[in-house]
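> When you number the sequence shown by numbering that gives the first Met the number 0, it's gap-free, plus one each residue, and the end is 319.
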Amino acid sequence: MSLFWRLFLLNTAVLIAGAALLLWGPATVSTPFFVTEALILAAGLAVMLLVNAVLLRVGLAPLQRLARAMTTIDPLRPGTRPAVTGNGEVADLIRTFNTMLDRLEAERATSSAVALSAQEAERHRIAQELHDEVGQTLTAVLLELKRVADHAPDAVATALRQVQETTRGSLDEIRRIARRLRPGVLEELGLVSALKSLTAEVPPHSGLTARCHVDTDLPDLTDAVELVVYRVAQECLTNAVRHAHATRLDLSLLRSPTGVELRIRDNGCGLGSAPEGAGIRGMRERALLIGAELTLGPSPGGGTEVRLHVPVATKASTHG
């Protein structure tokens, strides 16, 4: 039955009940009416309106729940669906909304995969250019400075060696940036070595001490899963240094009953009430690509805890 006919029949039933009470009840209306008659009619009208309001509230409750779901559903936290309740057009509307969410989430995952793939390709290209062009140019400058310093007077040679040290520091920084853009250790040595290298390369001036623990019985992960886990860990380290002002960070990659879990805890200032930034949204986007669940919250010892739960996915099952 459509929503129109349901509401129409409910109102009809209320009006028929009111008319029946007037026909067969003891109340009468005279002309001019008495005060008691007006009070009786007012009480009857109030009862009819109350009954009508209750019936409409019950009939429209599924639409109100759907409206609340529309305002609270987060595209970056998929899987939440309003329950299909009600009858007729109301239930059809909720089913249509759930179908629309399924389609939007699938399209978002596809577009995010394309965008992130293009982003990784761009990072790879920039890292290659930094290594091949800027790195080689600075290396040539270092060699030339050394040659000139070897034949220069002592005062000039001292100044040139200072320039050498500055140039060498810039070259090391460029190489570090290139490694962050393109995790070569991830491609060559795997995820475990990449995570250990990531925590070992925290700049000393940041004041952050990072420790890494990895279980020895981890399942085989696909290249896409390893890259997402690495990028999430990388973003957490960056946030701990730049925003959380943490002094200690513990990174763990653990085996769970249904897959693997990346757990990162720091003792920084925490998330607070600030809205999620581009970094956290990027982590959520990456988690969606591999069907992982990302949660952020306060750490037991203060600070922030990030958990990335990845379902088991072997290379054979993915490529098969």
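Yeah, the Cβ is synthetic: ideal placement off N, Cα and C, and Gly gets one too.
1. Report yes if the CB atom of G51 is closer than 7 Å to the CB atom of V13, and no otherwise.
2. For V155, count the other beta carbons within 10 Å of its own beta carbon; 16 or more makes it buried, fewer makes it exposed. Which is it?
3. How should I263 be labelled, buried or exposed, when 16 other C-beta atoms within 10 angstroms of its C-beta is the threshold for buried?
4. Where does I93 land, buried or exposed, given buried means 16+ other C-beta within 10 angstroms?
5. Should L185 and Y229 be called a contact, given that it needs their Cβ atoms to be closer than 7 Å?
6. Among the candidates G301, V305 and A37, whose CA atom is the shortest distance from the CA of T294?
7. How far does the beta strand (DSSP E) with R179 in it extend, from its first residue to its last?
8. For S196, which residues in the same chain have their Cβ closer than 6 Å to its Cβ, ignoring the five residues on either side in sequence?
9. Cutting at 7 Å between CB atoms, please list the residues of its own chain near A151, excluding the five before and the five after it.
10. Mind checking which residues open and close the beta strand (DSSP E) that includes A209?
11. Label T70 either buried or exposed according to how many other C-beta atoms from any shown protein chain fall within 10 Å of its C-beta, with 16 as the threshold for buried.
12. Between which two residues does the beta strand (DSSP E) carrying S251 extend?
13. What residue does the alpha helix (DSSP H) around G281 start on, and which one ends it?
14. When the distance is taken between beta carbons, is G206 closer than 7 Å to T246?
15. Can you pull the DSSP bridge partners for R306?
16. Rounded to the nearest angstrom, how far is the Cβ of A193 from that of H130, given a contact under 8 Å?
17. State the DSSP-derived secondary structure class of C235, mapped to helix, strand or coil.
18. Per DSSP, what kind of secondary structure is F96 in: helix, strand or coil?
19. Is G296 buried or exposed, if buried means 16 or more other CB atoms sit within 10 Å of its CB?
20. If you count every other CB in all the chains shown that lies within 10 Å of the CB of D149, and 16 or more means buried, which is it?
21. If you drop the 5 nearest sequence neighbours on each side, which residues of the same chain put their C-beta closer than 6 Å to that of S251?
22. Tell me where the alpha helix (DSSP H) around S196 begins and ends.
23. Looking at the structure shown, is T11 part of a helix, part of a strand, or coil, going by DSSP?
24. For M99, count neighbouring Cβ atoms within 10 angstroms of its own Cβ and tell me buried if that reaches 16, exposed if not.
25. May I ask which residues mark the beginning and end of the alpha helix (DSSP H) holding L144?
With the given structure in hand:
1. To locate residue 51, count along the sequence shown from 1; it is residue 52. To locate residue 13, count along the sequence shown from 1; it is residue 14. Checking the sequence shown, residue 51 turns out to be Asn, not Gly. Against a cut-off of 7 Å, the Cβ pair of V13 and N51 comes out as a contact.
2. Your numbering for residue 155 matches position 156 in the sequence shown. Exposed, since its Cβ has fewer than 16 Cβ neighbours within 10 Å.
3. The sequence position of residue 263 within the sequence shown is 264, counting from 1. Buried, since its Cβ has 16 or more Cβ neighbours within 10 Å.
4. What you label residue 93 is simply residue 94 of the sequence shown in a count that begins at 1. Looking at its Cβ environment, which holds 16 or more other Cβ atoms inside 10 Å, I93 is buried.
5. Numbered from its first residue, the sequence shown carries residue 185 at position 186. Numbered from its first residue, the sequence shown carries residue 229 at position 230. Cβ atoms of L185 and Y229: closer than 7 Å.
6. Numbered from 1 along the sequence shown, position 295 holds the residue referred to as residue 294. Checking every option, the nearest Cα to that of T294 belongs to V305.
7. For the purposes of this step, residue 179 is identified with residue 180 of the sequence shown, where counting begins at 1. No beta strand (DSSP E) holds R179; the alpha helix (DSSP H) holding it covers D153 to L180.
8. Indexing the sequence shown from 1 puts residue 196 at position 197. Around S196: V184.
9. Your numbering for residue 151 matches position 152 in the sequence shown. So the list reads L159, once near-sequence residues are dropped.
10. Against the sequence shown, residue 209 aligns to sequence position 210. Start and end: T208 to V213.
11. The residue given as residue 70 occupies position 71 in the sequence shown. Its Cβ having fewer than 16 others within 10 Å, T70 is exposed.
12. To locate residue 251, count along the sequence shown from 1; it is residue 252. From DSSP, the beta strand (DSSP E) with S251 extends over R247 to S255.
13. Looking up residue 281 in the sequence shown gives position 282. That run of the alpha helix (DSSP H) goes A277 to L288.
14. Along the sequence shown, one-based indexing puts residue 246 at 247. Along the sequence shown, one-based indexing puts residue 206 at 207. Yes. Within cutoff.
15. For the purposes of this step, residue 306 is identified with residue 307 of the sequence shown, where counting begins at 1. BP columns for R306 point to R262 and T294.
16. As a position in the sequence shown, residue 193 is number 194, starting the count at 1. As a position in the sequence shown, residue 130 is number 131, starting the count at 1. The pair is not a contact, with the Cβ atoms about 18 Å apart (cut-off 8 Å).
17. Here residue 235 refers to the residue found at position 236 when the sequence shown is read from its first residue. Looking at C235 - three-state DSSP - the assignment turns out to be helix.
18. Residue 96 sits at position 97 when you count from the first residue of the sequence shown. Three-state result, F96: helix.
19. Taking the first residue of the sequence shown as position 1, residue 296 is located at position 297. The residue is exposed, with fewer than 16 neighbouring Cβ atoms inside 10 Å.
20. In the sequence shown, counting from the first residue as 1, residue 149 sits at position 150. That one is exposed.
21. Within the sequence shown, residue 251 is the residue found at index 252, counting from 1. H212 and R262.
22. Along the sequence shown, read from residue 1 onward, the residue named residue 196 stands at position 197. That run of the alpha helix (DSSP H) goes L190 to A199.
23. Taking the first residue of the sequence shown as 1, we reach residue 11 at position 12. Three-state result, T11: helix.
24. For the purposes of this step, residue 99 is identified with residue 100 of the sequence shown, where counting begins at 1. Flag for M99 reads exposed.
25. Reading the sequence shown from its first residue, position 145 is the one you call residue 144. G134 to H150 is the extent of the alpha helix (DSSP H) around L144.
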